[in-house]
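Residue numbers (our numbering), protein chains in the order written: chain A, 639 to 944; chain B, 205 to 456.
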């Protein structure tokens, strides 16, 4: 594409008086992107997330070794050994390859989690806050019950009932962690419920469903997104904990948290076995936190300026 | 026949075991295409009457009839197409995350009215806003422009009755006059019926054919416009209210 064409595309996107709905929406997306680009921390978060996606997508091509094949002569080799950049673990498996393959599992956990817990919590919270009265009482008492349980214990109980496995572990995590989202969403809903713009849309004959989905939820989204990105690190760790107890991702699948658990035994002599996956979790959690913070700014049209 | 008939209306709020009787036994009737004003100090129950008509306040006694029919509770789709309201504060009455386009096309989507694109454009030009404002957000508009959007939204469903809750009290004087003139023009063009609340007799004098003076949730006195002009009030309260805003009425 020539410079001239890209120039006119930019001008079309930046048009302050867009002619069509599509142009307006694309223009808003473009302005959001520009806003995000001005925020270096958000860009770091975005790069880490994109990197995670790419690594997960191209794992078979990137990994130098098979992540599961054991090779006992090569066990516990230190980082920077020939052929093993991050060293090997107690079964002689290449840690770098396991981290690369493990990104797929981490990504799946994160995606499944974000599609369940925040969405469910958001719905419960907005419905409770919008309707008030008995609906609010019942939904919030249920939320309190889930809040009162220790997360890991409840997840353990659920997994023992559902049977061990990867999906069940994520489901258990989601069931134990939706309640804070419901609380946050309800609090936000209470502040907008009696506002004039909600009264006016009600006066226009909108159904409660339409009001909640189209008018209340957009106001709750930013705080829920922040909360979700802050929870990411915890979710990866709880998944690891369940794996450690034999109830989550089963060995020999390369899951980061489980790799840390396995390296625990060698922490003093062979520090890299636990540290390398720990670094991976650290970098990915940091990436999500930074991205979440940047997204909040982009999602708020008021921060766009005039 | 009167278009809006309110008979012996009472509104009581219950808060923490306390009863607040915001409106007590108020009756009024507004003819078709008439402009009727409700005036009184803060807390006199005038806005509560509008909210009671819309089903936003708890009616504890009396009846409200629109076009001779008692209105359904909860208010149905037919009510939305007949009665709409413009709120006092244009900073609070537009959804902060929706574009003007979304705000204006939402009522059309709810009622399944086709041709939203053309209608939104027409609505903007009817209230004197340039078409380029269509995809802006409320925070990019001034107070007067926002109130124009709120008026356009109220008219999207082509109602016959417009309830105006101090539509200009949040605006400064010059914008106030523009907005009132816009409302008067729209009323003349579309044959609208206004029920308008204000604490400002100057605004009421500019807009209304008849006015009901309220105090402490009760009706004090109903006045014709002519009586307002010649200051023929029967009660002391109406006279003191008139005296408070008389100097500005003469200017206008």
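Yeah, the Cβ is synthetic: ideal placement off N, Cα and C, and Gly gets one too.
query, result
"Which residues in chain B sit within 9 Å of residue 848 (chain A), going by Cβ to Cβ distance?", "310, 313, 314"
"Would you verify that the beta carbon of residue 841 (chain A) is, or is not, closer than 9 Å to some beta carbon of chain B?", "yes"
"How would you write the range of the beta strand (DSSP E) that residue 388 (chain B) sits in, first residue to last?", "Unbroken run through residue 388 (chain B) is the alpha helix (DSSP H), 377 to 394; no beta strand (DSSP E)."
"In chain A, which residues lie with their C-beta within 8 Å of the C-beta of residue 247 (chain B)?", "What residue 247 (chain B) touches in chain A: nothing, since even the nearest Cβ is about 18 Å away."
"Does the Cβ of residue 726 (chain A) have 16 or more other Cβ atoms within 10 Å, making it buried, or fewer, making it exposed?", "buried"
"Cβ atoms of residue 268 (chain B) and residue 207 (chain B): under 9 Å apart, would you say?", "no"
"Give the DSSP-derived three-state secondary structure of residue 267 (chain B) in the structure shown.", "strand"
"When the cut-off is 9 Å and only beta carbons count, does residue 412 (chain B) lie next to chain A?", "no"
"Quick one: using the 10 Å Cβ neighbour count with 16 as the cut-off for buried, is residue 921 (chain A) buried or exposed?", "exposed"
"Quick one: which residues of the region 811 to 843 of chain A get their C-beta closer than 7 Å to a C-beta of chain B? List them in chain order.", "833, 834, 835, 837, 838, 839, 841, 842, 843"
"So for residue 419 (chain B), helix, strand or coil by DSSP?", "strand"
"For residue 401 (chain B), list the residues DSSP reports as bridge partners.", "B:242, B:369"
"Can you tell me the Cα-Cα spacing of residue 938 (chain A) and residue 666 (chain A), whole angstroms?", "11 Å"
"Answer with yes or no whether the minimum CB distance from residue 944 (chain A) to chain B is below 9 Å.", "Because residue 944 (chain A) sits at a pLDDT of 34, beneath the cut-off of 50, its placement in the model cannot be relied upon, and the following sentence gives the value as read from the coordinates. Cβ-Cβ to chain B under 9 Å: yes for residue 944 (chain A)."
"I need the DSSP call for residue 829 (chain A), collapsed to helix, strand or coil.", "helix"
"Using CA atoms only, rank isn't needed, just tell me which of A:876, A:713, A:909 is closest to residue 751 (chain A).", "A:876"
"Thinking just about the alpha-carbon of each residue, which of A:729, A:850, A:793, A:723 is nearest to the one in residue 827 (chain A)?", "A:850"
"Around the Cβ of residue 834 (chain A), are there at least 16 other Cβ atoms within 10 angstroms (buried) or fewer (exposed)?", "buried"
"Since residue 752 (chain A) sits in a beta bridge, which residues does DSSP pair it with?", "The partner list for residue 752 (chain A) (beta bridge, DSSP) is empty, contrary to what the question assumes."
"Closest Cβ-Cβ distance between residue 437 (chain B) and chain A: below 9 Å?", "no"
"With DSSP run on the structure shown, which of helix, strand or coil describes residue 331 (chain B)?", "coil"
"Does DSSP put residue 209 (chain B) in a helix, a strand or coil?", "strand"
"Do the region 916 to 930 of chain A and the region 251 to 259 of chain B meet, that is, are 3 or more Cβ pairs less than 8 Å apart?", "no"
"Quickly, what does DSSP pair residue 214 (chain B) with across the bridge? List them, please.", "B:265"
"Give me the chain B residues within the contact set of residue 662 (chain A), using Cβ-Cβ distance strictly less than 8 Å, ordered along the chain.", "303, 305, 338, 339"
"Is there a Cβ of chain A sitting closer than 9 Å to that of residue 276 (chain B), yes or no?", "no"
"Rounded to whole angstroms, what is the Cα-Cα separation between residue 674 (chain A) and residue 660 (chain A)?", "21 Å"
"Check residue 822 (chain A) in the structure and name its three-state DSSP category.", "helix"
"Return helix, strand or coil for residue 944 (chain A), following the three-state DSSP convention.", "Because residue 944 (chain A) sits at a pLDDT of 34, beneath the cut-off of 50, its placement in the model cannot be relied upon, and the following sentence gives the value as read from the coordinates. Of the three classes helix, strand and coil, the one that applies to residue 944 (chain A) here is coil, per DSSP."
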